[in-house]
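Q: Just so we're aligned: the sequence shown equals residues 174 to 263 in this note's numbering.
Beta carbons: idealized from backbone N, C-alpha and C, even for Gly.
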Amino acid sequence: MFLDSSRYRDVRKTQAATKDGRVVNVVTLRRLPQAESEPAVVRGGDRLDVMAESLYDDGSRFWRIADANSELQANDLVKVAGRVIEVPKR
Numbered sequence: 174m175f176l177d178s179s180r181y182r183d184v185r186k187t188q189a190a191t192k193d194g195r196v197v198n199v200v201t202l203r204r205l206p207q208a209e210s211e212p213a214v215v216r217g218g219d220r221l222d223v224m225a226e227s228l229y230d231d232g233s234r235f236w237r238i239a240d241a242n243s244e245l246q247a248n249d250l251v252k253v254a255g256r257v258i259e260v261p262k263r
C-alpha cells in the first residue's frame, strides 16, 4: 500500500465505512517517532523536500522534519524566514 520510504509503511491498516455505506481502506493514527533533533533557522526560499534531500539524501523524507515540529501543515514550517524549526539528526 505504501512505499518503503513512506512514514505510513508500518502503520496498521484497517477498513471503515463511509456515510453512504461504502467500505474504504484506511490507516490508523500513527505514533510520532521520537528522534534526536537540532534547531535550524529557515531561510527565504527553503523547502522541506530540498532540506530533506540535503540532510537524508531523500527528498521524500521531508515528513521527518514535519513530524519533529507541531505545525499541522508541513509547508507552514518554511513560510517565514528566520523561524527556528527542529530538524531530526540523520
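Based on Cα-Cα distance, which residue from Gly217, Leu202, Arg234, Val197 lies nearest to Leu176?
A: In the sequence shown, counting from the first residue as 1, residue 176 sits at position 3. When each option's Cα is compared against that of Leu176, the closest is Arg234.
Q: Go to Ala189, then tell me how far its beta strand (DSSP E) extends in each direction, as first and last residue.
A: As a working note, residue 189 is residue 16 in the sequence shown. Element bounds for Ala189: 186-190.
Q: Since Glu244 is in the alpha helix (DSSP H), which residue starts that stretch and which ends it?
A: For the purposes of this step, residue 244 is taken as the residue at position 71 of the sequence shown. Here Glu244 belongs to no alpha helix (DSSP H), and DSSP marks it neither H nor E.
Q: How many angstroms separate the CA atom of Val199 from the CA atom of Ala241?
A: One-based indexing of the sequence shown puts residue 199 at position 26. One-based indexing of the sequence shown puts residue 241 at position 68. Between Val199 and Ala241, the C-alpha separation is close to 24 Å.
Q: Give me whichever residues DSSP pairs with Ala213 in a beta bridge.
A: Translated into the one-based positions of the sequence shown, residue 213 becomes position 40. According to DSSP, which records beta bridges pairwise, Ala213 is partnered with Ile258.
Q: Going straight from the alpha carbon of Gln188 to that of Arg180, what length do you get?
A: Position 15 of the sequence shown, counting from 1, holds the residue named residue 188. Position 7 of the sequence shown, counting from 1, holds the residue named residue 180. Taking the straight line joining both Cα atoms gives about 19 Å.
Q: Distance, Cα to Cα, Gly217 vs Arg256?
A: Translated into positions along the sequence shown, residue 217 becomes position 44. Translated into positions along the sequence shown, residue 256 becomes position 83. Spanning the two alpha carbons is a distance of roughly 10 Å.
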